[in-house]
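Residue numbers (this note's numbering): -16 to 424.
For reference, the structure discussed in these notes is given below.
Put into structure tokens, the structure is as follows:
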């Protein structure tokens, strides 16, 4: 099969799994749109600041079966309207002190011009689950109203605001005339906006087959150029741990993507794949056909990413983000550091220690301290040597990428109904559990 055939195949599997979730008995077919957005606190989000995700219209890519690992658009809501989304935006503005000001955590780096140099900038994220510039998810008039209110907050508090938004490259491309020449863009510039595009990987196989992104590289590059010319700083999600890739391949994929983004003037947002329920990777993981990355692979990858961004310590790193790799919502059913059965070389204590090194780095953004901590762990932890040997053996025994992927696709189709039955029952069992308490971080 060629890449397009693979993409259609995996898109159907992903779409069927999502539809099966919508039909499970523990949720209503439709839900009334909440008046509050989904929220991540400062220790859960993209960086050391709170994140708000509007709940309403599904991400259009999710509805089409794109993005194999992702299932953040979980519920079918009633047909959204501007009033409902407006209420969620106003909720953030009306509760700004509690939701935003009190959630500034650790070290955050401001790399723009300061309008209020004598006060600390305020960092935050607000976006739909799919794309900021999607008219279905975030109507234009509501966006503009929210941004005006946010700009007014900045003026009242005499503090710069650094707003992070997330968007699909195709939406930036489709609305480029508006983005280049609108009042909204003027305010986005005043709010030091950083627009993070879905990208995942520079590798065509990883991006458009394994992740099923449906994103031509030229479309991404055009969107980057549009944002840069409009005075909005572009970033990009980079994803590590795609199904069927070995730990070594995942790390190399990430590093190649970061090098590419650096050349294009795009800051990276470093993501590591956990296991979301009702996805193909989760089906395969539960059946023993897919393993999450080892915790040490995550730390090794971050270590080498920092080397690239700083030219091996000889320059400043520029802007980057590393989201917390354990949290949600929705909370992952299995995650790299805890709640998993496939860590083969590291004890629970070692996993906790590695997670702490990463959490400390996210909080203080001190690259030198992170390098010292990780080098010390690798030198003194006897399990790390066994991990290295296992990774080498994994590489020596692997089949070619297409063979591996074809096998797991066939396996996924064969066991889909069995997985759907299992997930349906498990969701019913967990329906009364407060998922916010699943992980103690």
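Note that CB positions come from ideal geometry on N, CA and C, so glycine has one too.
- In this structure, the straight-line span from the alpha carbon of residue 171 to that of residue 49 is close to 28 Å.
- Residue burial is scored here from C-beta neighbours: residue 191 has at least 16 other C-beta atoms within 10 angstroms and is therefore classed as buried.
- Taking all protein chains in view, the Cβ of residue 163 is surrounded by fewer than 16 other Cβ atoms within 10 Å, so the residue is classified as exposed.
- Setting aside the 5 residues that flank it on each side, residue 200 has no residue in the same chain whose C-beta is closer than 7 Å to its C-beta.
- In this structure the region 125 to 143 lies against the region 86 to 105, because at least three pairs of beta carbons, one per stretch, are closer than 8 Å.
- Residue pairing for residue 147: DSSP places it in a beta bridge opposite 108 and 177.
- Take the alpha-carbon of residue 301 and the one of residue 216: they are about 12 Å apart.
- If you look at residue 379, you'll find it isn't in any beta strand (DSSP E); it sits in the alpha helix (DSSP H) that goes 365 to 380.
- Residue 335 is positioned such that its CB atom lies no closer than 9 Å to that of residue 353.
- A check of alpha carbon separations from residue 88 across 345, 74, 180 and 330 identifies 345 as the nearest.
- Annotation for residue 5: the continuous alpha helix (DSSP H) segment containing it runs -14 to 5.
- If you look at residue 156, you'll find it in the alpha helix (DSSP H) that goes 152 to 157.
- For residue 359, no pairing in a beta bridge is given by DSSP.
- By the C-beta criterion, the region -5 to 7 is judged to be in contact with the region 389 to 403, since at least 3 inter-stretch pairs fall below 8 Å.
- With respect to the C-alpha of residue 41, the residue from 350, 84, 55 and 286 having the closest C-alpha is 55.
- Out of 341, 255 and 292, the CA that lies nearest to the CA of residue 318 is found in 255.
- In this structure, 209 is the residue among 188, 267 and 209 with its C-alpha nearest to the C-alpha of residue 247.
- Between the C-alpha atoms of residue 338 and residue 224 there is a straight-line separation of about 17 Å.
- Under the DSSP assignment, residue 396 falls in the alpha helix (DSSP H) whose first and last residues are 384 to 397.
- Secondary structure note for residue 219: its beta strand (DSSP E) is the uninterrupted segment 216 to 223.
- Shown here, residue 253 sits in a strand according to DSSP, grouped into three states.
- The Cβ atoms of residue 39 and residue 118 lie no closer than 9 Å to each other.
- Where residue 21 is concerned, the enclosing beta strand (DSSP E) starts and stops at 21 to 23.
- At the C-beta level, residue 222 and residue 189 come within 9 Å of one another.
- Distances from the alpha-carbon of residue 106 to those of 293, 95 and 291 put 95 closest.
- Sixteen is the threshold: since fewer than 16 other Cβ atoms of the shown chains lie within 10 Å of the Cβ of residue -14, the residue is exposed.
- Annotation: the continuous beta strand (DSSP E) that includes residue 34 extends over 34 to 37.
- At least 9 Å separates the beta-carbon of residue 36 from that of residue 104.
- Sixteen is the threshold: since fewer than 16 other Cβ atoms of the shown chains lie within 10 Å of the Cβ of residue 124, the residue is exposed.
- Nearest to residue 202 by alpha-carbon distance, out of 341, 7 and 182, is 182.
- The beta carbons of residue 194 and residue 293 sit about 27 Å from each other, so the pair does not count as a contact at 8 Å.
- With fewer than 16 other beta carbons inside 10 angstroms of its own, residue 355 counts as exposed.
- With 16 or more other CB atoms across the displayed protein chains lying within 10 angstroms of its CB, residue 175 is buried.
- For residue 269, the enclosing alpha helix (DSSP H) starts and ends at 263 to 269.
- Check the Cα spacing between residue 156 and each of 47, 206 and 307: the tightest is with 206.
- DSSP places residue 340 inside the alpha helix (DSSP H), whose first and last residues are 331 to 347.
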